[in-house]
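Structure record follows, encoded as structure tokens.
Given below as structure tokens:
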């Protein structure tokens, strides 16, 4: 028995037109749930890029003891550089430290009150993998050349916690809405089956195969899921272009939203999810109401 | 072509069986009446052949298939070998006579060129070539039943089952319908007609199976209706 896509598609569209109210309700909920999923994905992308930004920043700063000879500094620098976790070690002299401070506080006169440069010499260490910060930190601790160590672990941890919270809220909302969408799709398909019960009865009688009877209903559900996904993508695109890009122009230094690549992946993901939801919803209805 | 061996059918929750220990064989090309008062088990008999229900006990063999242990996906194959005609015609109101007949071929995946060849031919056979584009509500009862017979026969099934095909028709039209069924029977199609139309059975003098309270009480060649009313 041949699969006849155009025949099935035509049947689905006819049925779709017949109960368009309930179909639109199903599509709306699909769109809503995918919109929520997509929105939280965008938030996650943003937090992700923040994390990347912090990770690129110096992770560990080792302040060296006062009056340490230049040879010791060089020796320490090349030793740290040889550790596998370390990406880069930058030496910051007293003068450079002061320069930075001046830049940071250029609008205030605190700096002018400083008479002697008491700022310590430091080594700024960036890591290949921020997760290894503790290892490096522990290895540096207790070295006689080092006076104090600071590392930005806290910031990364906070961002990770934020991502986790955002993810959970997203998952809860999205699953609730996804469940509602499934029920609505199933309901739409149930009505479609009911509207065509005579045809289905005759199809059975003359020996149409089970799949021949099921396909139009399955396609109808998939169509609803697909349209819902397209609506959600369109809305997200509008948000991306109209809102995110605008904010970006204002807050140049803060990366928000997603890259084109990420957005593209999001689009594909939402399309697949929409189709899967449609298929699952109509399968639910077919199992219950179309015993063949 | 059709064989029932020791078939008993008890519906869920029913006290007495709808059919009790039925043994009967119907050969290829036979024309058989299934008679009896309402509630005697005629419909159960037909539903068993279509495998809409599975017997509580016994074997049902239709067109070479043992219906009882037929895989679910094979049921549709079985039904392609059986044409069905009902008292209420079961035509789709939003399709023309032609489309109703074509529908039966479309949904079993027949290619268009076969549909275009077979549908007009079968409409000619039932005498409705002029009404091909009429909708069911524009047709008389007898004409609607002809469309339904055309639909049952268009795929050239080995068997046609007719459940009270003349129940809604006046005697003259009924006899036209029976003539049509005989005509189809002469092409080698096995025909089983469930009916309580006494006059028709008595006139046709075909084989008669009589059911009473689920029991096969009579199997008579060239028989008559027989029940007192």
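Chains as they are written, first to last, in our numbering: chain F, 467 to 758; chain H, 725 to 953.
Note that beta-carbon positions come from the ideal geometry of N, C-alpha and C, so glycine has one too.
What does residue i reach in chain F if we use C-beta pairs closer than 7 Å?
{"i": "residue 800/H", "result": "673, 674, 675, 676"}
{"i": "residue 884/H", "result": "Those within 7 Å of residue 884/H in chain F number zero; the least Cβ separation is about 12 Å."}
{"i": "residue 769/H", "result": "Going along chain F, no residue has its Cβ under 7 Å from residue 769/H, so there is no contact; the nearest lies around 16 Å."}
In chain H, which residues lie less than 9 Å from residue i when you measure between Cβ atoms?
{"i": "residue 493/F", "result": "Per Cβ cutoff of 9 Å: no residues; residue 493/F is ~25 Å from chain H at best."}
Residues of chain H with CB closer than 7 Å to the CB of residue i, please, in chain order.
{"i": "residue 664/F", "result": "816"}
What does residue i pair with, by DSSP beta-bridge criteria?
{"i": "residue 807/H", "result": "884/H"}
{"i": "residue 785/H", "result": "727/H, 790/H"}
{"i": "residue 590/F", "result": "527/F, 556/F"}
{"i": "residue 919/H", "result": "759/H"}
{"i": "residue 943/H", "result": "933/H"}
{"i": "residue 614/F", "result": "529/F"}
{"i": "residue 914/H", "result": "883/H"}
{"i": "residue 749/H", "result": "727/H"}
{"i": "residue 743/H", "result": "733/H"}
Are residue i and residue j closer than 9 Å when you measure CB to CB?
{"i": "residue 484/F", "j": "residue 751/F", "result": "no"}
{"i": "residue 531/F", "j": "residue 589/F", "result": "no"}
{"i": "residue 880/H", "j": "residue 913/H", "result": "yes"}
{"i": "residue 745/F", "j": "residue 694/F", "result": "no"}
{"i": "residue 871/H", "j": "residue 852/H", "result": "yes"}
{"i": "residue 918/H", "j": "residue 757/H", "result": "yes"}
{"i": "residue 743/F", "j": "residue 655/F", "result": "no"}
{"i": "residue 591/F", "j": "residue 554/F", "result": "yes"}
{"i": "residue 896/H", "j": "residue 821/H", "result": "no"}
{"i": "residue 497/F", "j": "residue 653/F", "result": "no"}
{"i": "residue 672/F", "j": "residue 804/H", "result": "yes"}
{"i": "residue 686/F", "j": "residue 482/F", "result": "yes"}
{"i": "residue 517/F", "j": "residue 629/F", "result": "yes"}
{"i": "residue 777/H", "j": "residue 883/H", "result": "no"}
{"i": "residue 794/H", "j": "residue 802/H", "result": "yes"}
{"i": "residue 542/F", "j": "residue 564/F", "result": "no"}
{"i": "residue 736/F", "j": "residue 688/F", "result": "no"}
{"i": "residue 824/H", "j": "residue 860/H", "result": "yes"}
{"i": "residue 890/H", "j": "residue 924/H", "result": "yes"}
{"i": "residue 909/H", "j": "residue 753/H", "result": "yes"}
{"i": "residue 473/F", "j": "residue 830/H", "result": "yes"}
{"i": "residue 948/H", "j": "residue 926/H", "result": "yes"}
{"i": "residue 862/H", "j": "residue 810/H", "result": "no"}
{"i": "residue 772/H", "j": "residue 799/H", "result": "no"}
{"i": "residue 734/H", "j": "residue 742/H", "result": "yes"}
{"i": "residue 495/F", "j": "residue 643/F", "result": "yes"}
{"i": "residue 766/H", "j": "residue 893/H", "result": "no"}
{"i": "residue 598/F", "j": "residue 583/F", "result": "no"}
So residue i contacts chain F; which residues on that side make the cut at Cβ distance below 9 Å?
{"i": "residue 877/H", "result": "Here the premise fails: no neighbours, minimum Cβ distance about 11 Å."}
{"i": "residue 827/H", "result": "665, 668, 669, 672"}
{"i": "residue 803/H", "result": "670, 671, 672, 673, 674"}
Which residues in chain F have a C-beta closer than 8 Å to the C-beta of residue i? List them in chain order.
{"i": "residue 764/H", "result": "The premise fails here: residue 764/H is roughly 23 Å from chain F at the closest Cβ pair, so nothing lies under 8 Å."}
{"i": "residue 946/H", "result": "Here the premise fails: no neighbours, minimum Cβ distance about 31 Å."}
Next on the checklist: Along the segment 636-668 of chain F, where does the CB come closer than 9 Å to a CB of chain H? Name the residues.
Outcome noted: 664, 665, 667, 668
Item to check | beta strand (DSSP E) runs contained entirely in the segment 647-729 of chain F, provided each spans 3 or more residues | outcome: none
Checklist entry - Taking Cβ-Cβ distances below 7 Å as the criterion, which residues of the segment 829-842 of chain H are in contact with chain F? => result 831, 832, 833
Next on the checklist: If we require 4 or more residues per run, which alpha helix (DSSP H) segments fall completely within the segment 799-883 of chain H?
Outcome noted: 799-804, 821-830, 836-849, 865-877
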